[in-house]
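Report on the following structure.
There are 2 protein chains.
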Amino acid sequence: MLPFARVSIIGLGLIGSSIARAVRAQMPGVVLTGHDVNAGVRETVRDMNLLDDVTDTPGAAVIDAELVILCVPVGIMGEVAASLANDLPPEAIVTDVGSSKASVAAALTQALPNHIIIPAHPVAGTERSGPEAGFAGLFHNRWCILTPPEGCNPAKVAQLQAFWERLGANVEIMAAEHHDLVLAITSHLPHLIAYTIVGTASDLEEVTRSEVIKYSAGGFRDFTRIAASDPTMWRDVFLSNKDAVLEMLQRFSEDLTALQRAIRWGDGDALFDLFSRTRTVRRSIIEQGQDDDRPDFGRADH
Amino acid sequence: MLPFARVSIIGLGLIGSSIARAVRAQMPGVVLTGHDVNAGVRETVRDMNLLDDVTDTPGAAVIDAELVILCVPVGIMGEVAASLANDLPPEAIVTDVGSSKASVAAALTQALPNHIIIPAHPVAGTERSGPEAGFAGLFHNRWCILTPPEGCNPAKVAQLQAFWERLGANVEIMAAEHHDLVLAITSHLPHLIAYTIVGTASDLEEVTRSEVIKYSAGGFRDFTRIAASDPTMWRDVFLSNKDAVLEMLQRFSEDLTALQRAIRWGDGDALFDLFSRTRTVRRSIIEQGQDDDRPDFGRADH
Numbered sequence: 020m021l022p023f024a025r026v027s028i029i030g031l032g033l034i035g036s037s038i039a040r041a042v043r044a045q046m047p048g049v050v051l052t053g054h055d056v057n058a059g060v061r062e063t064v065r066d067m068n069l070l071d072d073v074t075d076t077p078g079a080a081v082i083d084a085e086l087v088i089l090c091v092p093v094g095i096m097g098e099v100a101a102s103l104a105n106d107l108p109p110e111a112i113v114t115d116v117g118s119s120k121a122s123v124a125a126a127l128t129q130a131l132p133n134h135i136i137i138p139a140h141p142v143a144g145t146e147r148s149g150p151e152a153g154f155a156g157l158f159h160n161r162w163c164i165l166t167p168p169e170g171c172n173p174a175k176v177a178q179l180q181a182f183w184e185r186l187g188a189n190v191e192i193m194a195a196e197h198h199d200l201v202l203a204i205t206s207h208l209p210h211l212i213a214y215t216i217v218g219t220a221s222d223l224e225e226v227t228r229s230e231v232i233k234y235s236a237g238g239f240r241d242f243t244r245i246a247a248s249d250p251t252m253w254r255d256v257f258l259s260n261k262d263a264v265l266e267m268l269q270r271f272s273e274d275l276t277a278l279q280r281a282i283r284w285g286d287g288d289a290l291f292d293l294f295s296r297t298r299t300v301r302r303s304i305i306e307q308g309q310d311d312d313r314p315d316f317g318r319a320d321h
Numbered sequence: 020m021l022p023f024a025r026v027s028i029i030g031l032g033l034i035g036s037s038i039a040r041a042v043r044a045q046m047p048g049v050v051l052t053g054h055d056v057n058a059g060v061r062e063t064v065r066d067m068n069l070l071d072d073v074t075d076t077p078g079a080a081v082i083d084a085e086l087v088i089l090c091v092p093v094g095i096m097g098e099v100a101a102s103l104a105n106d107l108p109p110e111a112i113v114t115d116v117g118s119s120k121a122s123v124a125a126a127l128t129q130a131l132p133n134h135i136i137i138p139a140h141p142v143a144g145t146e147r148s149g150p151e152a153g154f155a156g157l158f159h160n161r162w163c164i165l166t167p168p169e170g171c172n173p174a175k176v177a178q179l180q181a182f183w184e185r186l187g188a189n190v191e192i193m194a195a196e197h198h199d200l201v202l203a204i205t206s207h208l209p210h211l212i213a214y215t216i217v218g219t220a221s222d223l224e225e226v227t228r229s230e231v232i233k234y235s236a237g238g239f240r241d242f243t244r245i246a247a248s249d250p251t252m253w254r255d256v257f258l259s260n261k262d263a264v265l266e267m268l269q270r271f272s273e274d275l276t277a278l279q280r281a282i283r284w285g286d287g288d289a290l291f292d293l294f295s296r297t298r299t300v301r302r303s304i305i306e307q308g309q310d311d312d313r314p315d316f317g318r319a320d321h
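These protein sequence lines map, in sequence, to chains A and B. Going by the numbering used here, the first residue of the first sequence is number 20, and it counts up by one from there. Going by the numbering used here, the first residue of the second sequence is number 20, and it counts up by one from there.
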C-alpha cells in the first residue's frame, strides 16, 4: 500500500529529480506532478519523462497533491510555499529537503499557517547539480531526518517516514534546533572549510594554479569535490544556519590555533596524539556503512 | 634496458611495498632487496614474497645496491641513512619518498656526504598503512617530483627519472624549497585541516560521536578518510616542513575569518562569489585526470 497516491515535487534539480526517479522505481503507482521555475529544466525533465505532469506554474502542480516536497534553496522556501497557498489542498502534507531546519520550519509555517508542515532533510547528495545529475539510488542507505513541530499528528509523521523508507532511506526524527547543530559540524563546516582552502590555493602567488591542480592527489582534491557543490544552495545554508555554523567554526578555529602552536614549537606528541585519535572515527564510519572501505574510495588504480 | 639492475628498499610499509610490487610488475629483471625495522613487517613481506631478499639489518640490504630508496618517516631519514654508511657502495644513488624535501635533503647530505643523493616525492598514497596496504598501481599516472641538489650529475637524475617512469609515474623536477611550498598547500594543509575538524567533531558535548558518524555523508566523511592517514608520517611532515605549513595556514586562517565575517553580517554575495570560483578548480582537476569524474567518486549507489 502506497504512503501517498499523489506526490508533487517543486524544484527539479539533483534532489527533486532523484526523488522523482526513486518514486518511479520504488512506488510505480504514484501519480507524480512537479514544477521548476527554470523553463529549461522543465523541458529537460519533460524530455526525460520523469513525472506524469510538469506544470508551467507551481500552483498547478499541487492542486490534487497529498504530499508536496519543496526541493528549492532554503533561502526561498518561504516565498515558494506562499506561491502554492491558493492551490494547495487543505489536507496536503507539505515537506522539504533543505539542509537547515529551524529557519525553514519558521518560513513554511508563516507562509502556510493552516497546513500540515513536516520539515525533512535527506542527508544525501553529490557535487553535481541539475536534473541530469539525479539518480534513483541517491537516498539508498542514507539517513533522512524529519523535524516535525510540537504537537504534529504522529500518523502524518509516520506516513512521511514510510514514504522515505520506500525510497531506501533510514529515517530519524529529532528537533529542528538539534538537527541544525548536528549538520553544522557534519556538513556545513566541512563545506565552508573546503570552499575556503580551495579559494586560498587559487590566490597564491608563489604556487601556480596549474601546480595546485597537478599535485592535488596529495589530499587537496577531496576538498575540491566538496567545493564544487551548488553555490546558491550553500550560500543559503550558511545564512540560514548562521548561529550553529558560527559556533562550530569558533571551536574549529581554536583547535586549529592549538595545532598551529604545536607545529611552531615542535610539539610532536600533541600532533601524534590527535592524529591517532582521529583514525578511530574513520573506522566507525566504515563499520556503520556510511562510506566505501576501499582505500582512497577505490579511486586508486589497483 | 633496466635503469637499475639492483634496487634496495628501506622501509616496507604502504609506499615501500608498493614500489616493490611495481618493480616486480614493470621491471621483472631487477634484483630487489629490502629491510624494515619492524620484525613483524619483515615476516609479512617475506611471506608475500615481494622481494628477493628481506634482510634483518639495513646494511645487509644495500651491500650491492645501485639504487637505495628510503621509505621511512621524514623525521628519521638522517639516522636511517647514517646506519647504511658503512655498507653502501660509493657509486650507489640514494633517494627517498618523503613528503617534505628541503629538510630531508639536508639530513641525507649530512649523513652521507660522499654519496649521490637525489631526493624524490611520489605524490601518491592512501589512508592505509603497512605492507598489506600496498599495490603495484599506486604510482600509475601520479606525479613523482625529483629535487636534485645544485650540480647533481644530470645522467644520474635521468636514470632515476627513467625508474619512476617505468613504475607509471609522470616525473617533474623542481627545487626542494619550491616543492615544500607546493605540497604545503596541496597536501600538508589539507591533512592538518582534516585532522583538526575530525578532532573538533569528536570533542563536542551537544552532538554525540554516533550522530557525527551517522550523518557524515553530508561532507564530513571525506575529511575522516584523510584524517585516517599514518600519524607518525604526518607528525614528521608538519615538523619538517614547518615554515611553509605555517605560511599557508596563516593565509587560510585569514580567508576563513573573512568568510566567518560574511556569514555573521549576512553578506550572501561574498559567499556566492567564492563558491562559484572554487567550482572551476574542480573542473580542471577532472580534465587533467587527477581525479575520478563520477559524482561522489562513484561512491554513491547508482
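For every residue, glycine included, the Cβ atom is placed at its ideal position computed from N, Cα and C. None of these values were measured; they are calculated from a predicted model.
Looking at the backbone, the Cα of S122 of chain B and that of G285 of chain A are separated by about 14 Å. Residue-level contact by beta carbon holds for I212 of chain A and chain B, with a gap shorter than 8 Å. Taking 8 Å as the cut-off, the beta carbon of G144 of chain B is found closer than this to the beta carbon of I34 of chain B.
In the three-state DSSP reduction, H134 of chain A falls in the coil class, being neither helix nor strand. Taking E196 of chain A as the centre and dropping the five residues before and after it, the same chain places the C-beta of A121 closer than 7 Å to its C-beta, in chain order.
Cβ proximity to chain A below 7 Å picks out L200, V201, L202, I204, T205, S206, L208, P209, H210, L211, I212, Y214, T215, I216, V217, G218, T219, A220, S221, L223, E225, V226 from the segment 198-228 of chain B. For E273 of chain B, the enclosing alpha helix (DSSP H) begins and ends at 261-283.
In chain order, T251, M252, D255 place their CB closer than 6 Å to the CB of P92 of chain B, counting only its own chain and leaving out the 5 sequence neighbours on each side. Residue state for D115 of chain B is assigned as strand, using DSSP reduced to three classes.
From the beta-carbon of K261 of chain B, the residues of chain A found nearer than 8 Å are I282, R283, G285. Across the segment 107-124 of chain B, no CB contact with chain A closer than 7 Å is found for any residue.
Sixteen is the threshold: since fewer than 16 other Cβ atoms of the shown chains lie within 10 Å of the Cβ of E62 of chain B, the residue is exposed.
For E306 of chain B, the enclosing alpha helix (DSSP H) stretches over residues 287-306. Sorting A:V217, A:I305, A:N133, A:N105 by C-alpha distance to the C-alpha of G78 of chain A places A:N105 at the top. Taking all protein chains in view, the Cβ of D241 of chain A is crowded by 16 or more other Cβ atoms within 10 Å, so the residue is classified as buried. Contact between the segment 34-50 of chain B and the segment 150-170 of chain B is present: three or more C-beta pairs spanning the two stretches fall below 8 Å. Nearest to G237 of chain A by alpha-carbon distance, out of B:R40, B:L51, B:H198, is B:H198. For P141 of chain B, the uninterrupted beta strand (DSSP E) segment begins and ends at 139-141.
The beta carbons of F257 of chain B and V264 of chain B sit closer together than 8 Å. Think of a sphere of 8 Å around the beta carbon of V142 of chain A: the chain B residues whose beta carbon falls inside it are Y234, A236, G237, in chain order. When the alpha-carbon of R302 of chain B is set against those of A:T297, A:S229, A:D312, the nearest one is in A:S229.
Listed along chain B, the residues sitting closer than 7 Å to W162 of chain A by beta-carbon distance are K233, Y234. The DSSP-derived three-state label of I82 of chain A is coil.
Residue-level contact check: T297 of chain B touches chain A, since one or more beta carbons of chain A fall below 8 Å from its beta carbon. Closer than 8 Å to the CB of P138 of chain B there is not a single CB belonging to chain A.
Closer than 8 Å to the CB of S36 of chain B there is not a single CB belonging to chain A.
Cβ atoms of P108 of chain A and D83 of chain A come within 8 Å of each other, at about 7 Å. By the Cβ rule, the segment 48-55 of chain B does not count as touching the segment 163-176 of chain B, because fewer than three pairs are nearer than 8 Å. For L165 of chain A, there are no neighbours in chain B by C-beta distance under 8 Å, as the nearest C-beta there is about 14 Å away.
Among the residues of chain A, those whose CB is under 8 Å from the CB of A152 of chain B are P314, following chain order. At the C-beta level, P209 of chain B and F294 of chain A stay beyond 8 Å of one another. In the three-state reduction of the DSSP assignment, R244 of chain A falls in the helix class. Contacts with chain A at 8 Å (Cβ-Cβ) include Q309 of chain B.
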